[in-house]
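Structure record follows, encoded as structure tokens.
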Amino acid sequence: MVATSMEQIASLCKRRGFIFQNADIYGGMQGVYDFGPLGIELKNNLKAAWWRAMVYERDDVEGLDAAILTNRKVLKYSGHEDTFSDPMVDCKKCKGRFRADQIDGKCPNCGSTDLTEPRPFNLMFKTHVGPVEDDDNIAYLRPETAQAIFTQFKNVVDATSRKLPFGIAQIGKSFRNEITPRNFIFRVREFEQAELEYFVYPGTDVEWHEKWKENRLQWWLDQGLKREHINVYTTPKDDLAHYAKACYDIQYQFPNGMEELEGIANRQDYDLGNHTKNKEEFNLSAHCHENKESTTKLCIQDENGKWIIPFVVEPSMGVGRGILAILTEAYTEEDLGDGNSRIVLKLKKHLAPIKVAIIPLKKNNEQIMNKCHELKQKLMKLGIGRVALENTGNIGKAYRRHDEVGTPLCLTVDFETIEQQPESVTIRDRDTMEQIRVNTADLPEYLRNYFL
Ligand code: ATP
């Protein structure tokens, strides 16, 4: 059974050190969370899985890591300054502020119907670069990672000699001053996105859009999400963002409902068209703004040597929403049949924060402890991920703890290990709870086969 409430997940995340409310000791900051000791491992593993699938396993994608502070002109010409806003209403009674489309004419805080007319609210965090706080020095924290990919398009093409079709991938922080952050880490104000901008010949965009939909769906299944908990939603034409020709949302059955996990948009030539110099030289499909400030033509040569502005297909996922979906799917409460139950996080092994826990049967036995330290040093070098020495509590508690954080294998050093030859340890499987004995000389091969 998967998690059915957000409380189950939030409580496990806090108890075991995955995710904490930011500034908890001061009452917290709404819509901002910190990843704890195990959360950072899970997040790194998920990002590594994405990078591997999107960059390393392909021959047509390059990476980028652009700055978060964004030049105002970038977000002016991308259209964000004018359009990146939600209509919102204020409650005149309790002074609460809400998204107009999320309330039914009634304040969700105090129930009053005395509300202002909806007004646009820009979601970007504004700051100033340098010592003077005037309009000439405005910059933004980026609201999406994509824009830097478009503005660096020409530099990447020149540096790598790429030809169409090819993509640029990026993972990084984005910031949106969401009016109603909620549902734990589902909707927050600071989050990470993993985005690919895949540049294609105009006319092949529809085909590539389909291919990316299938590719991304399969990737989510590979991360452990079940097909029956996923819905692929086709955005109706009337609801499309102004830049999009078509858009699929990969939705997941979160505890708060079937909601967007990743968007896959056909953005046509809108973005490169907006940021390019001399847009009139190109036969653009999207309706782009006049741009007299760009210094560069964001174009590439086709097979006949003609300069064109490519179309772009964009799979864009939220890393935090990915983690929430994966935790929801993996969370399992199991009745052990003997009056006891356990919580086990059935994470895919490549995502598990700790791969192997080394557990001493007796903490106060020096020989056993030395053997644990020795094994930890040796196994850590295998490159399978984090190998942790677990020396809190008794063996039963250690197993429960590692079930709850999804550690696939627990390796126990006992008296047989230090007294008998050939030297061996027990290995306990998280899901079946079965134990086998393995000679320590065979451990590297056993673990490599298991994890790599
Ligand atoms: P929503 O409709 O849920 O606000 P969106 O359509 O604005 O999302 P995009 O701009 O397409 O989202 O961003 C791509 C992905 O980034 C989303 O699919 C989601 O996973 C993630 N994302 C967007 N906004 C947030 C947020 N406030 N908190 C967490 N993740 C987010």
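In the numbering used here, the protein residues as written are 459 to 910. Built from N, CA and C at the ideal position, the CB exists for glycine as well.
Check: 8 Å Cβ shell around Gly486 - same chain, five flanking residues per side excluded; Outcome: Gln479 and Asn480
Check: Coarse secondary structure for Lys755, derived from DSSP in three states; Outcome: coil
Check: Delimiting residues of the beta strand (DSSP E) encompassing Asp562; Outcome: It is not in any beta strand (DSSP E) - Asp562 carries neither H nor E in the DSSP assignment.
Check: Ser469 (DSSP reduced to helix, strand or coil); Outcome: helix
Check: C-beta contact flag for Gly682 and Leu805 at 8 Å; Outcome: yes
Check: C-beta atoms of Ile826 and Lys820 nearer than 8 Å; Outcome: yes
Check: Close-in-space but distant-in-sequence residues of the same chain around Ile894 (CB under 6 Å, 5 per side omitted); Outcome: Ile885
Check: Closest Cα partner of His808 within the set Glu665, Ser570 and Asn502; Outcome: Asn502
Check: Endpoints, alpha helix (DSSP H) assigned at Ala899; Outcome: Run containing Ala899: none; DSSP gives neither H nor E here.
Check: Beta-carbon gap between Arg685 and Ala702 smaller than 8 Å; Outcome: no
Check: 8 Å Cβ shell around Asp861 - same chain, five flanking residues per side excluded; Outcome: Arg800, Ile801, Val802, Leu803 and Arg888
Check: Closest residue to Lys534 among Thr786, Asp729 and Tyr484 (Cα-Cα distance); Outcome: Asp729
Check: Strand pairing of Phe452, partner residues [DSSP]; Outcome: Outside the modelled stretch of the chain, which goes from 459 to 910, sits residue 452, for which no answer is possible.
Check: Contact under 8 Å by Cβ, Ile637 with Phe556; Outcome: yes
Check: Cβ shell of Gln560 (< 7 Å), same chain only, five flanking positions each side left out; Outcome: Thr638
Check: Any 3 or more C-beta pairs closer than 8 Å across the stretch 492–499 and the stretch 468–477; Outcome: yes
Check: The stretch 576–589 / the stretch 657–664 touching (three or more Cβ pairs under 8 Å); Outcome: no
Check: The stretch 644–658 touching the stretch 560–573, judged by at least three CB pairs closer than 8 Å; Outcome: no
Check: Exposed unless 16 or more other CB atoms sit within 10 angstroms - verdict on Thr462; Outcome: exposed
Check: Residue span of the beta strand (DSSP E) that contains Ile817, given as start and end; Outcome: Val814 to Pro818
Check: Asp751 CB to nearest heavy atom of the ligand ATP below 7 Å; Outcome: Here the sequence assigns Glu to residue 751, which means Asp is not the residue at that position. Because no heavy atom of the ligand ATP lies under 7 Å away, the Cβ of Glu751 does not count as near it: no.
Check: Beta-carbon proximity check, Leu675 vs Val690, cutoff 8 Å; Outcome: yes
Check: Check: Leu719 C-beta below 7 Å from any heavy atom of the ligand ATP; Outcome: yes
Check: Near the ligand ATP: Lys690 beta-carbon under 7 Å from a heavy atom; Outcome: Correcting the residue identity first, residue 690 is Val in this sequence and not Lys. Checking the Cβ of Val690 against the ligand ATP gives no.
Check: DSSP-derived helix/strand/coil call for Leu654; Outcome: strand
Check: Span of the alpha helix (DSSP H) around Asn399; Outcome: Limits of the chain in this structure are 459 at one end and 910 at the other, which puts residue 399 out of reach.
Check: Beta-carbon gap between Ile812 and Leu869 smaller than 8 Å; Outcome: no
Check: Beta-carbon spacing of Leu905, Leu837 below 8 Å; Outcome: yes
Check: Per-residue DSSP class, three states only, for Asn503; Outcome: helix
Check: Stretch-stretch touch, CB-based, cutoff 8 Å, three pairs: the stretch 737–754 with the stretch 771–787; Outcome: no
Check: Segment contact flag, the stretch 596–607 with the stretch 563–577, C-beta cutoff 8 Å, min 3 pairs; Outcome: no
Check: DSSP-derived helix/strand/coil call for Met487; Outcome: coil
Check: contact_flag[the stretch 792–799, the stretch 769–776] where n(CB pairs < 8 Å) is 3 or more; Outcome: no
Check: Residue interval of the beta strand (DSSP E) (run including Leu803); Outcome: Ser799 to Leu803
Check: Collapsed DSSP secondary structure at Met512 in the structure displayed; Outcome: helix
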